[in-house]
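Worksheet: the structure to be examined is printed underneath.
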Amino acid sequence: MNTDQNRNRTNDEADEDLSSLLTPTGLTRLSSKNPLLIIKKNLFKNMVWAVIICSMYLFIILYFNVWQIRTIFSIILILSLWTLFKTYKEYKKIHTDISPIDPLLTELKRHQQSITRWMHAQQRAWILIYPFCAAGGFFLGGMLGRGNTLETFMQKPLAIPTLIITIIVLVPAGYFLARRLFKASFGNHLKALQENIKDMENEY
Amino acid sequence: MSESEFLEQVRINQGIIYKLVGLYANNTEEKKDLYQEILLQAWRGWPSFRGDARFSTWLYRLTLNTIFTQKRKKHRIEYRESMDDSSSPVQNVFLQKEEAGRLKLAIRQISEIDRAIITMHLDGYENPEIGSMMGISDNLVSVKLHRIKKQLANFLNKEL
Numbered sequence: 012m013n014t015d016q017n018r019n020r021t022n023d024e025a026d027e028d029l030s031s032l033l034t035p036t037g038l039t040r041l042s043s044k045n046p047l048l049i050i051k052k053n054l055f056k057n058m059v060w061a062v063i064i065c066s067m068y069l070f071i072i073l074y075f076n077v078w079q080i081r082t083i084f085s086i087i088l089i090l091s092l093w094t095l096f097k098t099y100k101e102y103k104k105i106h107t108d109i110s111p112i113d114p115l116l117t118e119l120k121r122h123q124q125s126i127t128r129w130m131h132a133q134q135r136a137w138i139l140i141y142p143f144c145a146a147g148g149f150f151l152g153g154m155l156g157r158g159n160t161l162e163t164f165m166q167k168p169l170a171i172p173t174l175i176i177t178i179i180v181l182v183p184a185g186y187f188l189a190r191r192l193f194k195a196s197f198g199n200h201l202k203a204l205q206e207n208i209k210d211m212e213n214e215y
Numbered sequence: 011m012s013e014s015e016f017l018e019q020v021r022i023n024q025g026i027i028y029k030l031v032g033l034y035a036n037n038t039e040e041k042k043d044l045y046q047e048i049l050l051q052a053w054r055g056w057p058s059f060r061g062d063a064r065f066s067t068w069l070y071r072l073t074l075n076t077i078f079t080q081k082r083k084k085h086r087i088e089y090r091e092s093m094d095d096s097s098s099p100v101q102n103v104f105l106q107k108e109e110a111g112r113l114k115l116a117i118r119q120i121s122e123i124d125r126a127i128i129t130m131h132l133d134g135y136e137n138p139e140i141g142s143m144m145g146i147s148d149n150l151v152s153v154k155l156h157r158i159k160k161q162l163a164n165f166l167n168k169e170l
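What follows is the structure, given as structure tokens:
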């Protein structure tokens, strides 16, 4: 039996679940669970939230005439806008279509890189933005909660230690939570991609 | 090219999808998800199919790329549906149903990459074609095939 005959013989096997999709109505029922599509949707949601949150920061900067609050929230706003820009660039870079032309190894590396870049972007956000968010939130909460000026609030003996503890606890907690959530969602998938890449690159 | 042409081409070659998904899906749910994803990706990629390669080879590559980039559970395969069929995926036409089933079972025990390589080999693809689809050298394909055959022989001998 030659190769063509063999291929033809094995290629006409059928399955009811598959056959039911091979109709014009079947095609319209198709939905994707591509991990990159899920990531892309997440990035889009992040961008929408970032725009809403940045508007709130802007409101806080304009509304509160306290220089410390204005400085902290201006820093948060700039970092958030920078993250938003990076997220948008990442979003544009992710192609959710699977290549029917590229070799498997190329395709695996593309997926691995996209997922890893996304993970790093999330971690970068936690490390760079959240210390300022924690500080900003602390100042604002202290002012509004106590009904005092920021100076009066910060003069309390426990204010500075509480601020430091808040930052020390919240930032790593957020960072590890983000890592844990990422691992729960994509950890096994990323590991499988890495194992398969390693297997293909292993010469022995 | 039209939707009906696409469906006709896939219908003719649906065995490729069926066979490859059967080697990697861990349960019926995963199998259905993979069918959907492959058809969706094929439908999106269809305009890029220029006909300078066979449709079967184009679909083979796309199916493999899709399966490997989808999230799948890393458990032992639960469903045995495709192992109980009467058709053989291998080149030897005289291979009996039981032997084909045993070979499929053995193939499912080896690593995911090795599964793809041996399946392509059994489907009659030459080493350069396999190398091109996988993105590895012909030499590495030969080395891997040699090792896979030994591994499969061990599995099959253990069973006897």
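Just so you know, the protein sequences line up as chains A and B, in that order.
Counted the way this note's numbering counts, the first sequence spans residues 12 to 215.
Counted the way this note's numbering counts, the second sequence spans residues 11 to 170.
For each residue, glycine too, the CB sits at the ideal point set by N, CA and C.
*asked:* Under 8 angstroms, Cβ to Cβ, is there at least one residue of chain B near residue 106 of chain A?
replied: no
*Is the CB of residue 20 of chain B under 8 angstroms away from at least one CB in chain A?*
yes
*For chain B, find out if any of its Cβ atoms is closer than 8 angstroms to the Cβ of residue 39 of chain A; answer yes or no.*
Cβ-Cβ to chain B under 8 angstroms: no for residue 39 of chain A.
*asked:* By the three-class DSSP mapping on this structure, what secondary structure does residue 63 of chain B have?
replied: coil
*Quick one: grab the DSSP three-state call for residue 2 of chain A.*
Outside the modelled stretch of chain A, which goes from 12 to 215, sits residue 2 of chain A, for which no answer is possible.
*Nearest to residue 155 of chain B by alpha carbon, out of B:142, B:168, B:124?*
B:124
*If you measure from the beta carbon of residue 75 of chain B to each beta carbon in chain A, is any gap under 8 angstroms?*
Answer yes: the Cβ-Cβ gap between residue 75 of chain B and chain A drops below 8 angstroms somewhere.
*So, is residue 164 of chain B buried or exposed, given that buried needs 16 or more other C-beta atoms within 10 angstroms?*
exposed
*When the distance is taken between beta carbons, is residue 110 of chain B closer than 8 angstroms to residue 162 of chain B?*
no
*Is there a Cβ from chain B that is less than 8 angstroms from the Cβ of residue 117 of chain A?*
For residue 117 of chain A, at least one C-beta of chain B is nearer than 8 angstroms to its own C-beta.
_Let me check understanding here. Comparing Cα to Cα, which of A:156, A:175, A:121 lies closest to residue 46 of chain A?_
It is A:121.
*Exposed or buried, residue 114 of chain A, counting other C-beta atoms within 10 Å across all chains shown (16 or more means buried)?*
buried
*Buried/exposed call for residue 158 of chain A, threshold 16 Cβ in 10 Å*: Its Cβ having fewer than 16 others within 10 Å, residue 158 of chain A is exposed.
*asked:* If you reduce the DSSP assignment to three classes, tell me which class residue 131 of chain B lands in.
replied: Helix at residue 131 of chain B.
_Quick check: the stretch 189 to 206 of chain A against the stretch 127 to 143 of chain A, are at least 3 beta-carbon pairs closer than 8 angstroms?_
yes
*What are the boundary residues of the alpha helix (DSSP H) that residue 28 of chain A is part of?*
27 to 30
*asked:* Using C-beta distances below 8 angstroms, list every residue in its chain close to residue 26 of chain B, excluding the 5 sequence neighbours before and after it, in chain order.
replied: 66, 69, 70, 73
*asked:* The alpha helix (DSSP H) that contains residue 163 of chain A, what's its start and end?
replied: Residue range 161 to 165 is occupied by the alpha helix (DSSP H) that includes residue 163 of chain A.
*Between residue 94 of chain B and chain A, is there a C-beta pair that is closer than 8 angstroms?*
Because the pLDDT at residue 94 of chain B is just 44, under 50, the model does not fix this residue reliably, and the point stays unresolved.
*asked:* Can you look up residue 111 of chain B in the DSSP assignment and give me helix, strand or coil?
replied: Helix.
*According to the neighbour-count rule (16 or more other Cβ atoms, all chains shown, within 10 Å of its Cβ), is residue 75 of chain B buried or exposed?*
buried
*Local conformation of residue 196 of chain A per DSSP, three classes*: In this structure, residue 196 of chain A counts as helix in the three-state DSSP scheme.
*Note down, in chain order, every chain B residue with its Cβ under 9 angstroms from the Cβ of residue 46 of chain A.*
79, 80, 81
_Secondary structure of residue 113 of chain A, DSSP reduced to three states_ = coil
*Taking Cβ to Cβ, would you say residue 208 of chain A is nearer than 8 angstroms to residue 123 of chain A?*
yes
*Between the stretch 123 to 137 of chain A and chain B, which residues of the former have a C-beta closer than 7 angstroms to a C-beta of the latter?*
none
*Would you call residue 76 of chain A buried or exposed, if buried means 16 or more other Cβ atoms sit within 10 Å of its Cβ?*
Exposed, by the Cβ-count rule.
*At 8 angstroms on the CB atoms, spell out the chain B contacts of residue 32 of chain A, in chain order.*
45, 46, 49
*Mind checking residue 20 of chain B: buried by the 16 CB within 10 Å criterion, or exposed?*
buried
*Ignore the nearest five residues each way along the sequence and tell me which others in residue 94 of chain A's own chain have a CB closer than 6 angstroms to its CB.*
136
*Whose C-alpha, out of A:173, A:203, A:105, A:118, is nearest the C-alpha of residue 49 of chain A?*
A:105
_CA nearest to the CA of residue 218 of chain A, picked from A:142, A:64, A:98, A:164_ = Nothing can be reported for residue 218 of chain A, as the shown portion of chain A is limited to 12 through 215.
*Please classify residue 82 of chain B: is it buried, with 16 or more other beta-carbons within 10 angstroms of its beta-carbon, or exposed?*
Classification of residue 82 of chain B: buried, given that the 10 Å Cβ count is 16 or more.
*Can you check whether the CB of residue 26 of chain A is closer than 8 angstroms to the CB of residue 54 of chain B?*
For the 8 angstroms CB-CB criterion, residue 54 of chain B and residue 26 of chain A do not form a contact.
*Leaving out the 5 sequence neighbours to the left and right, which residues in its chain are closer than 8 angstroms to residue 58 of chain A when beta-carbon positions are compared?*
Cβ-Cβ distances below 8 angstroms link residue 58 of chain A to 95, 98, 99, 102 in the same chain, with the five nearest sequence neighbours on each side left out; the list follows chain order.
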